[in-house]
Structure formats: C-alpha cells, structure tokens
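Q: Position 225 (the sequence shown) corresponds to 1286 in my numbering; numbering is contiguous.
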Amino acid sequence: MTVNYKFKTKPFDHQYTALERAEDKKGFAFLCEMGTGKSKMLIDNLGMLFQEGKVNFALIIAPKGVYRNWIQREIPDHMSEDVHYRVIRWVAAPNKKQKAELASVKENYCGLTIFVMNVEAFSSLKGKQAGDWLAKRYGKHGMIAVDESTTIKNPQAKRTKALHKVSAQFEYKRILTGSPITNSPLDIYAQAEFLEPGILGYDNYYAFRGRYAVVKQMKMGAQAFQQVIGYRNLDELTSKIDLFSYRVLKKDCLDLPKKIYTTRYVTLSKQQLEMYESIRRHAMVLLDEGELVTAPAVITQMLRLQQVMSGHLKTDDGEMLTFPSTRMNAVLDIIEESSGKVIIWSRFRHDILEITRTLNEKYGPGSAVSYFGDTSDDERNDIVTNFQNPKHPVRFFVGNPAVAGLGLTLTSAHLVIYYANDFNLTNRSQSEDRCHRIKQEHPVTYVDIICEGTIDERIVKSLQSKIKIGAQVLGEEAAEWLTLKKNTT
C-alpha cells in the first residue's frame, strides 16, 4: 500500500485491511456489507493506483438510482486532495452542455479521469458502444468497477455479456456489493467472471452449476428442463471466493447500534378476505393444472394478492379499485407510538402515494415526501437533503425500495416500516441499511406489517431462506432477522 498516500478522510481499520488486500491486484471484490464504507475503499484504491502511475482512467458503473451519488458525494468526499481528477457523467440523451462534457473525454488530461455510467446503459446499443470505445481508448491504463455487482449476476443478460466484453480490455477490475448472493450460490459466477474469466475454475456457467448445484430433470407439457433443487460443495466455493475478495460485516467492524425487528399483525376486512380468497383459489387452479401454468401467470396472481392486502387492485382493463385497509391504520398507530423521522417502504406506487397523502393530511403539508420512479432527479436530491436535516419539517420518507433502496444515506431515521415487501433480498437488505450505517447513533427498529396466514408470511420465509444460503456460501452465520409467530404455517 502506498506509504505516502494522503487520505482525505481517515479510514477505519477494516478499510485499511481492505486496501492492503486489494492493493494492485488485477481483479478484486469488495464484498463489504452496506454501511461499512466500500465506496471509500474503491476510491482510495483508485487514488493509490493513480499516484503509482498504474492507472489514469476509471470507468465506474452503478445502478441508475446510485451512480449520481458517486459524482455528487462519494468521489468529492473521499478522493485524496493530492489527486488531480475530473469526473464525466454518462447521459443517454444529453443536452448541449452535457454533450460538451461527454466530448471532453476525448481530450488529453494530465490527471485522473473518472467516467461514471449507469449499469442499465449497457442493455442499449448506445451504452455498449460507449463502453467499448472507452475500453479501447483507456483500458490498458484503466480500472473498471461495478458498484452493486448483483446487477450483473445473470450470465445470460445482455448487460452482463456487454460488461464482460468491456471488462476484458481493462487492466484493473473491481466489483462492490454487500450481498453478492441474493437468490442462490450461482449468483457469484457472472460477478466473478467480470473480474477474470475462469477465476472460479470453470470456463462456462453450466460446468460451474454442475459442481455446486443439485439439478433434477423436470417436464412441463412437452418441454423438458433442469431445475435446481439444492446446493453442494459450498465450503469449497467459499474458499475460492476468499482468494480474490475481502468480506466484512458491520457487526465485526463498526460500533453501530443494533437492529431490532418486530411485526405488527393486521387482519383483512371482510371485503379484502373475499377478494383475497377468490384470487388465491384462482392461483391454486393455475398451479394444479401444471402444464398450463406459466411463471408470469403465477407471479401476477401473487402480486394481486399483495395489492388486495394493501387496499387496491388494478383490473385487467386498467381500472384501479380501492377499498379500506387496516394496513394504513397500523402505520398511523406505529407512528403515534414513536418520535423522530420515519422511513416507510412499499413496492407499490399506489401505496406510496396514498401513504404520503394520508401523512400530509394528518401531520401537515410537506411533512411526508415520496421517492419512487416518478420522482425527478432534482426532487430526489432535495428530499434526501431535507430528510437528513433534523430541523427541516420533512419527517416521513415514503419510498420504493427498488428505487430508493440503493446508495442513499438516511441516518436521521431510526424507525423503518415495511408496508409491502417483495421477494427480492437485495431490495430488502439495501433498504434496511439506508439508515443503519456510519453516522447512525440510535438502535434502528424495523416493523413489518404482516397479515397472518397470507402471502406476507411466504415472502418473509423466502427472504429468510435466501439469507441462510448466502451466509453459508460466504462462510458466515446467518444474521438474526424477523421472526414470525410460531404457530404460522
């Protein structure tokens, strides 16, 4: 590690260790839990390599909801003042000023150039062409890094293939994620291949799957396929991952307050129960028919079951039906029992708008703000700034975890309510840690609103299973998490 490197912000001990492990390795993974400062680890690693004369360019890639944070916060906050650098942001449809900024990447520059792109761009021809050009021009003396690398876990996805091609032309490669395994141990393959082809010992995904998964031949109608039904040799896989990565958990390196999980049980109204049972029976018919069922059909039914519990349902012709839900009353009761700022998550747009409206009516205009797909970039920056300001009247942050669950710091809150979960462990883990990270001074309480004997419980159990599998592959004990009533099925 560079002895004379001048840090802008002093690293924690675990960040020093990460830098020593990564140093000048060609491919490396910062598998560090959210809130442990892995962005700083990458920035310091990049700054050191620049000062050693090994790189003069970096392509940093992150999800759409995160990549602006690198430009506005992470790089300015952590890059050494001894490093002369410029930052250029990718824009798919640039205005005149943005076109000039993008064109400047072609000009010679005596310092470090950092080009920031959103990972979604690599699903488009324009984005792939830009990545290829940058790789050819700067890759020999450059670093490419993917933040939240589970976005490239699918080896068959267009953007994964595109980024593997681009990555092959860069001298240094890095991935960052706190949850590299969110569905199954097979998630790690494409992320590792980004760092170096064959780094796990297999030159194709199916050979890798054959070693670490148990598969069974299945048949649906006339179509035969292989279904993964279990996993094996996971200790061996853990040992291989350890060779090119650094893993740290918050509980092992930060004196953060604890997480507290609890549930608030609600019941369905008579109208909700009738609708729920009707949809559930239809879903079961689909499943029982076997050869007629398609995954989208079952997913749609499950989505509708959740919508009914939230008090709304979108019909096939696009009409939105709404009806009273005890979930909203539960939110108001929880808030009445608490003080300070509150985060409320839901996967549904209708929920977010309705919760925001209800809270603004009860606690005053401007007390609640919403953060989801329709929120503009300017609004997003203002929302986070205002919510983080203890003197600002914004008290309630109501968001979609798929949109707002990445990259934000919301440590002003220490109460988090989950109004409607989904099956995505990344969304859940990321959204939890928006407030449980460096600078959090209070224990954080997470309240899941659960209707007993419904899909709510199936979602929680699915997430618990994924947490256990991920911990096993990474050689850890599964984190303590939400506990349901013991008598539930």
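By construction, the Cβ of each residue, glycine as well, lies at the ideal position given by its N, Cα and C atoms.
Just so it is clear, the structure is predicted and the values come from calculations on it, not from any experiment.
Please return the same chain residues whose Cβ sits closer than 7 Å to the Cβ of residue 1278, not counting the five positions on each side in sequence.
A: 1285 and 1287
Q: Since residue 1273 contacts residue 1244 with CB under 8 Å, what's their CB separation in whole angstroms?
A: Taking a contact as a CB-CB distance under 8 Å, the pair residue 1273 and residue 1244 does not count as one, their CB atoms being some 14 Å apart.
Q: What's the C-alpha gap between residue 1484 and residue 1515?
A: 14 Å
Q: With DSSP collapsed to three states, give me the class of residue 1316.
A: coil
Q: Skipping 5 residues on each side, what residues in its chain have a beta carbon closer than 6 Å to that of residue 1477?
A: 1404 and 1507
Q: Secondary structure at residue 1173, three-state DSSP: helix, strand or coil?
A: strand
Q: Per DSSP, what are the beta-bridge partners of residue 1476 in this structure?
A: 1403 and 1506
Q: Express the C-alpha separation of residue 1093 and residue 1309 in angstroms, rounding to a whole number.
A: 5 Å
Q: How should residue 1415 be labelled, buried or exposed, when 16 other C-beta atoms within 10 angstroms of its C-beta is the threshold for buried?
A: buried
Q: Does the stretch 1386-1398 touch the stretch 1436-1450, meaning 3 or more C-beta pairs lie closer than 8 Å?
A: no
Q: For the stretch 1484-1504 against the stretch 1145-1163, do three or more pairs of beta-carbon atoms, one drawn from each stretch, fall closer than 8 Å, so that the two count as touching?
A: no
Q: Thinking just about the alpha-carbon of each residue, which of 1527, 1091, 1537 and 1479 is nearest to the one in residue 1517?
A: 1479
Q: Apart from the five residues on each side of it in sequence, which residues of its chain come closer than 8 Å, Cβ to Cβ, to residue 1136?
A: Excluding residues up to 5 positions away in sequence, 1104, 1146, 1148 and 1175 lie with their Cβ nearer than 8 Å to the Cβ of residue 1136 in the same chain.
Q: Quick check: residue 1536 and residue 1303, are their CB atoms within less than 9 Å of each other?
A: yes
Q: So, with DSSP's three-state summary, where would you put residue 1281?
A: strand
Q: Comparing alpha-carbon positions, which option in 1307, 1418 and 1523 lies nearest residue 1079?
A: 1307
Q: How many angstroms separate the CA atom of residue 1234 from the CA atom of residue 1180?
A: Straight-line spacing of the CA atoms in residue 1234 and residue 1180 works out to 15 Å.
Q: How big is the Cα-Cα spacing for residue 1398 and residue 1107?
A: 46 Å
Q: Helix, strand or coil for residue 1448 per DSSP?
A: helix
Q: Enumerate in chain order the residues of its own chain whose CB-to-CB distance from residue 1178 is below 6 Å, with the five nearest sequence positions on each side excluded.
A: Once the five neighbours on either side are set aside, the close Cβ partners of residue 1178 are 1122 and 1151.
Q: Under a three-way DSSP split, which group does residue 1306 fall into?
A: DSSP, reduced to helix, strand and coil, places residue 1306 within a strand of the structure shown.
Q: So which of 1098, 1269 and 1089 has the shortest CA-CA distance to residue 1314?
A: Considering only alpha carbons, the answer is 1098.
Q: For residue 1261, tell me which candidate among 1161, 1305, 1227 and 1447 has the shortest Cα-Cα distance.
A: 1305
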